[in-house]
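Numbering (my numbering), first residue to last: 19 to 276.
Ideal Cβ positions, reconstructed from N, Cα and C, are used throughout, including at glycine.
What follows is a short report on a single structure.
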Amino acid sequence: MRLQQFASVGLAALLLAGGLVGLAHAEDRFRPVGTVTYDPEPAAPEKGVFNIRQDDRRIRAMRILAEDGSADVRSLKVNYADGDSEVVKVRQVLQEGQRTAVFELEEVRPIRSVEVTYIPKGNVTLVLLSDGRRAEPPPPPPQTAEWVELGCKKVGLLGDRDTIAVNSPDRYKSIRLRSQNYDIEMSEFSIRYSNGGRDTYQVRQVIPAGGRIGPIALRGDARRISQLDFLYRARTIGPFKTKLCVDARRVGDDDEDN
């Protein structure tokens with residue numbers, strides 16, 4: 019009985035060993051004859067444009083914030099208002115909430131826009147940060163010259179002296195003389211100031227009909243005028259009376275002859 023059991027066990031072992039050898043021979047029959055590899059392509063860079071508002075255009079330095087999501091920020095292109103541009107290399111991967119390094123610009127000039135080149139890692143929102151100060155408001159336009167008429171006097175053919183009284187609290191810095199209808203030969207005039215001072219101007223010039231001479235700058239600082247005295251005569255006479263008129267320019271007006 020024991021011999022018979024031993025014979026059964028030995029036979030089973032022999033069969034198992036033979037099966038393994040057969041399996042090994044079967045595996046030896048297969049060898050690699052081809053390979054397939056998956057290599058994902060890198061995502062294409064995206065471009066975004068930050069259009070800079072007029073009030074924020076004077077920027078000295080900038081950086082990028084990944085507000086939502088993450089991105090590989092490659093570069094910035096700064097487009098100036100005068101048409102020039104400047105490229106800033108970044109090459110920095112930002113996780114959500116992270117910021118790039120600070121990039122200083124070569125000079126402070128008005129900026130029209132900033133282009134960012136980046137590879138998004140899913141949905142992402144990029145924010146441009148800057149330390150730029152708001153553009154300074156433009157200076158107020160210069161005041162235009164405003165001449166005010168101080169008075170007029172009729173002019174006769176013979177030599178004449180006349181006075182024009184001035185009743186104004188304004189300060190003046192120059193005057194001009196106008197003629198209506200006919201030429202006026204002006205010899206001299208004097209200005210009396212409200213503080214009692216007086217200046218005399220030798221003119222010896224013809225004021226053409228319908229024309230003027232001046233501006234004639236007042237001596238010293240702008241002053242209040244109380245009276246003007248003239249020595250003059252008309253060079254011709256006709257059917258119309260001619261007049262000598264005096265205009266003055268107030269303090270704060272420019273010096274161009276308008």
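key: Environment of ALA84 [buried if 16+ CB atoms lie within 10 Å]   = By the neighbour-count rule (16 or more Cβ atoms within 10 Å), ALA84 is buried.
ask   = If we count the other Cβ atoms within 10 Å of its Cβ and call it buried at 16 or more, is PHE248 buried or exposed?
value = The residue in question, PHE248, is buried, as its Cβ has 16 or more Cβ neighbours within 10 Å.
request  = Give me the Cα-Cα distance between SER205 and PRO128, rounded to the nearest whole angstrom.
outcome  = Rounded to whole angstroms, SER205 and PRO128 show a C-alpha spacing of 57 Å.
message = Just to confirm the assignment, what range does the beta strand (DSSP E) spanning PRO233 have?
response = In this chain, the beta strand (DSSP E) harbouring PRO233 covers 230-235.
key: Host beta strand (DSSP E) of ARG210 (start-end)   = It spans 202-211 - the beta strand (DSSP E) in which ARG210 sits, taken as one unbroken run.
request  = For ASN97, collect the residues of the same chain with a Cβ closer than 8 Å to its Cβ; drop the 5 residues on either side in sequence, then sort them by chain order.
outcome  = Beyond the five residues adjoining it in sequence on each side, ASN97 comes within less than 8 Å, by CB distance, of SER103, ILE129, ARG130, SER131, VAL132, GLU133 in the same chain, given in chain order.
ask   = If you check the beta carbons only, do SER212 and SER244 fall under 7 Å apart?
value = The criterion of a C-beta distance shorter than 7 Å is satisfied by SER212 and SER244.
query = Can you find at least 3 beta carbon pairs, one from the region 216-236 and one from the region 135-148, that sit closer than 8 Å?
reply = The region 216-236 makes no contact with the region 135-148, as fewer than three CB pairs between them are under 8 Å.
inquiry  = Here's a check: name, in chain order, each residue in its chain whose Cβ is nearer than 7 Å to the Cβ of ASP180, leaving out the five neighbours to either side.
reply    = Excluding the 5 residues flanking it on each side, ASP180 has same chain C-beta neighbours closer than 7 Å at LYS171, PHE248, in chain order.
request  = Determine the DSSP secondary structure at GLN113, reduced to helix, strand or coil.
outcome  = Reduced to three states, the DSSP call for GLN113 is coil.
task = Determine the closest residue to VAL145 out of ARG253, ALA61, GLY52, SER88, with distance taken between C-alpha atoms.
result = Checking every option, the nearest Cα to that of VAL145 belongs to SER88.
query = Between LYS261 and the rest of its own chain, which residues show a CB-CB distance below 7 Å, the 5 nearest in sequence each way excluded?
reply = For LYS261, where only same-chain residues beyond five positions count, the Cβ hits under 7 Å are CYS170, LYS171, LYS172, VAL173, GLN198.
query = Which residues mark the beginning and the end of the beta strand (DSSP E) in which ASP86 is found?
reply = Its beta strand (DSSP E) spans residues 79-98.
message = Among LEU112, LEU123, GLU114, whose alpha-carbon lies nearest the alpha-carbon of VAL106?
response = The option with the nearest alpha carbon to VAL106 is LEU123.
task = Round the Cβ separation of ARG241 and SER192 to the nearest angstrom and send it over; I've been treating them as touching at under 8 Å.
result = ARG241 to SER192, Cβ: 11 Å. No contact.
ask   = Does the beta-carbon distance from ARG117 to ARG81 come in below 7 Å?
value = Their beta carbons are under 7 Å apart, which means ARG117 touches ARG81 by this criterion.
key: Rounded C-alpha distance that separates SER148 from ASN69   = Looking at the two C-alpha atoms, the distance is approximately 13 Å.
ask   = Taking the DSSP output, what are the residues bridged to LEU144?
value = BP columns for LEU144 point to ALA84.
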